[in-house]
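The structure under discussion appears below in the form of structure tokens.
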Amino acid sequence: MNDIVGFVMQQPLSMRVWLLVTTLIALTVSGCSTTTQKGAVGIEREQMLLVSQNQMTDGAQKAYAEVLKEAKKEDQLNTDAQRVKQLRAIAERLIPHTKIYRQDAPDWQWEVNYIDKDQLNAWCMPGGKIAFYSGIIDTLNLTEDEIAAIMGHEMAHALREHGRERASQAMLGQVGLAALQILGGVEGAALDASNMVVQTTFILPNSRTHETEADRMGVELAARAGFDPYGAVRVWEKMLKLSKEAPPEFLSTHPAHKTRIQDLKKYAQRVMPLYQQAHSNLKSNP
Ligand SMILES: [Zn+2]
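Each residue of the sequence shown is one higher than the last, beginning at 929 in our numbering.
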């Protein structure tokens, strides 16, 4: 981006304004597409994607390695072999069904690690780098179906590339900022992909739209893999109960628990035939 800024800086002012306007329009128009197929739950929304998928997955590699290194240093990485085994087995059942949403996903470099830390947290970075914290499993006393529900939800964020979308929004903001800087004659700042992944995984909350999409896709992934799709409903009922007892900080960013539970019930009902199908397949083919 500094190159563009430099080039634009050499132009006369009227030319700079014209270049900026056309660049913004080009970015916005060319950046609109969708990352996934609709699935049985009907996900369709145009996404603005200005940052490349590779930039995000490269950034995620670095950020994930950092998290693992830190956890290892603190003696918190994969400390419970039984749990690691269980988490990876659940992932292995879910991953093949990601092809419903995108053909390339089953071949991603998926990875699942367990971090022994009292945090109500689980996430999946771009490209399929997953972490589950002991805090969420213990505090909510999660069953296998419920773990699968959360994992499906987190995988959906990665499949749908919500992080990339949010990084793109941030980038558009930076282009806007660079525009002001160009007009004012100041240099713009460069983007750091690893930092963007950290920002979108840990700092910026997901939008309601992203959460709803991940909820619906997660329910379908779980059902197709033979996990009870109502597991997601039970997770949020537990969250609701927990928030009444002692509202944790993180729940304040998710105000509409009840609406969410309603939506999850509706979609769990919709994918029930997929679950029954998968379940009978599992029975005849254990
Ligand atoms: Zn989410």
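We put the beta carbon where it would ideally sit given N, CA and C, even for glycine.
Heavy atom of ligand 1 within 7 Å of residue i beta-carbon
i	result
histidine 1081	yes
glutamate 1139	yes
alanine 1009	no
asparagine 1134	yes
histidine 1185	no
alanine 1150	no
alanine 999	no
histidine 1085	yes
alanine 1153	no
alanine 1142	yes
Spatial distance of residue i from residue j (CA atoms)
i	j	result
methionine 929	serine 1122	Confidence is the limiting factor: at methionine 929 the pLDDT is only 44, short of 50, which leaves the residue's position unreliable and the question unanswerable from this model.
glutamine 1004	glutamine 1204	38 Å
valine 1012	serine 1096	34 Å
threonine 977	serine 1212	Here residue 977 turns out to be leucine, not threonine, going by the sequence shown. Answer to the nearest angstrom: the Cα atoms are 43 Å apart.
tyrosine 1029	lysine 1194	20 Å
glutamine 1127	aspartate 1156	32 Å
isoleucine 1064	glycine 967	28 Å
histidine 1207	alanine 1077	16 Å
alanine 1118	glutamine 981	Residue confidence is low: alanine 1118 scores 49 on pLDDT, short of 50, so the model does not pin down where it sits. Its coordinate-derived value is still stated next. For alanine 1118 and glutamine 981, the distance between alpha carbons rounds to 18 Å.
serine 961	serine 1062	37 Å
glycine 1080	glutamate 974	22 Å
asparagine 1069	histidine 1185	19 Å
arginine 983	glutamine 989	As written in the sequence, residue 983 is glutamine, which differs from the arginine given in the question. Taking the straight line from one Cα to the other gives about 10 Å.
methionine 1200	isoleucine 971	17 Å
aspartate 1216	tryptophan 1051	The requested residue 1216 does not occur in the structure, where the chain is confined to residues 929 to 1214.
glutamine 1014	proline 1034	19 Å
arginine 1162	lysine 1000	32 Å
threonine 1071	alanine 1098	37 Å
glutamate 1141	alanine 1160	13 Å
Burial state of residue i (16 or more Cβ within 10 Å)
i	result
arginine 1092	buried
alanine 1196	buried
glycine 1116	A caution first: glycine 1116 carries a pLDDT of 41, below 50, which makes its placement in the model unreliable, though a value can still be read off. Glycine 1116 should be labelled buried.
aspartate 1032	exposed
arginine 1136	exposed
threonine 964	buried
glutamate 1002	exposed
threonine 1187	exposed
leucine 1202	buried
glycine 1056	buried
glycine 1101	exposed
aspartate 1191	buried
leucine 1210	exposed
valine 1114	For valine 1114, the predicted model reports a pLDDT of 43, less than 50, meaning its position is unreliable; a value from the coordinates is still stated below. Looking at its Cβ environment, which holds fewer than 16 other Cβ atoms inside 10 Å, valine 1114 is exposed.
phenylalanine 1178	Low local confidence applies: a pLDDT of 49 at phenylalanine 1178 is under 50, so the model's placement there is unreliable, with the coordinate-based value given in what follows. Answer is exposed; the Cβ neighbour count stays below 16.
Closest Cα partner of residue i within the set the options
i	options	result
methionine 1124	Glu974, Val979, Thr962, Thr963	Val979
alanine 1151	Val969, Ile1065, Ser1062	Val969
arginine 1198	Leu1149, Gln1047, Val1163, Gln975	Leu1149
lysine 1045	Thr1007, Glu1074, Thr985, His1090	Thr1007
histidine 1090	His1025, Met1053, Trp1036, Gly987	Met1053
aspartate 986	His1025, Trp1036, Ala999	Trp1036
asparagine 1049	Pro1024, Thr1026, Thr1129, Met1099	Thr1129
arginine 1094	His1138, Ile1058, Asp1066, Ala1059	His1138
alanine 896	Gly1154, Ala1059, Glu1165, Thr1067	No statement about residue 896 is possible, as the shown extent of the chain runs from 929 to 1214 and does not include it.
leucine 1022	Ala1009, Ile1075, Thr1067	Ile1075
threonine 1026	Trp1164, Ala1153, Tyr1158	Ala1153
Proximity test, residue i beta-carbon vs ligand 2 heavy atom, cut-off 7 Å
i	result
leucine 977	No copy of ligand 2 occurs in the structure displayed; its ligands are ligand 1 alone.
**Request:** Could you tell me whether the segment 1083-1103 touches the segment 1145-1161, using the rule of 3 or more Cβ pairs below 8 Å?
**Result:** yes
**Asked** Is the segment 1018-1025 in contact with the segment 1033-1042, if contact means three or more CB pairs nearer than 8 Å?
**Response** yes
**Prompt:** With a cut-off of 8 Å, do at least 3 Cβ pairs link the segment 993-1002 to the segment 1164-1174?
**Reply:** no
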